[in-house]
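Right, one structure below, let's go through it.
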Amino acid sequence: MYYSGLASHPQAELIHSQQTGHTGLMSFTIHGGLEQAMELVDHLKVFEIGCSWGGFESLALCPLVNAEKEELDFLSLREKDRGLIRIHCGLEGTEVLIEDLRQALEKI
């Protein structure tokens, strides 16, 4: 999980000194790679596919779906990193969003 609000984040001390809250934007990697990541996103019912992080709706995206090998190399990423999913949590409510992620994970 990649989230600036975690105490384990590499810049947690800096973030804590500059912010009083945290964003609804986070990322995580599905170990099954790109195919499972895309399948998970397809099974989401509340999260919509998109990347406009400035809105109020919950969104999900597989940002590395079209990345070429050269781009992955430049970003120091490996093929297994293609399973990255980026989500933005909107205003639907914590329980609703967790349930949506749970039911999608159960299907892959």
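When you line the sequence shown up against my numbering, it's residues 6 to 113, in that order.
Glycine is no exception: its CB is placed at the ideal position from the N, C-alpha and C atoms.
All figures in this text were calculated on a predicted structure; none of them were measured in a lab.
Exercise. If we count the other Cβ atoms within 10 Å of its Cβ and call it buried at 16 or more, is Asp-105 buried or exposed?
Worked result: For the purposes of this step, residue 105 is taken as the residue at position 100 of the sequence shown. With 16 or more Cβ atoms within 10 Å of its Cβ, Asp-105 is classed as buried.
Problem set entry | Residue interval of the beta strand (DSSP E) (run including Arg-91) | As a first step, residue 91 must be located in the sequence shown, where it is residue number 86. DSSP places Arg-91 in the uninterrupted beta strand (DSSP E) bounded by 89 to 93.
Exercise. If you run the structure through DSSP and keep just helix, strand and coil, what is Glu-62?
Worked result: Locating residue 62 in the sequence shown gives position 57, where the first residue counts as 1. Looking at Glu-62 - three-state DSSP - the assignment turns out to be coil, as it is neither helix nor strand.
Exercise. How big is the Cα-Cα spacing for Ser-13 and Phe-33?
Worked result: Numbered from its first residue, the sequence shown carries residue 13 at position 8. Numbered from its first residue, the sequence shown carries residue 33 at position 28. Rounded to whole angstroms, Ser-13 to Phe-33 spans 14 Å at the Cα level.
For this session: Return the CA-CA distance between Ala-109 and Ala-72, expressed in angstroms with no decimal places.
Result: For the purposes of this step, residue 109 is identified with residue 104 of the sequence shown, where counting begins at 1. For the purposes of this step, residue 72 is identified with residue 67 of the sequence shown, where counting begins at 1. Straight-line Cα distance between these residues: approximately 24 Å.
Problem set entry | Complete alpha helix (DSSP H) runs within the segment 12 to 41 (minimum length 4 residues, chain order) | 17 to 23
Exercise. Which stretch, first to last residue, makes up the alpha helix (DSSP H) that contains Val-101?
Worked result: Locating residue 101 in the sequence shown gives position 96, where the first residue counts as 1. Where Val-101 is concerned, the enclosing alpha helix (DSSP H) stretches over 99 to 111.
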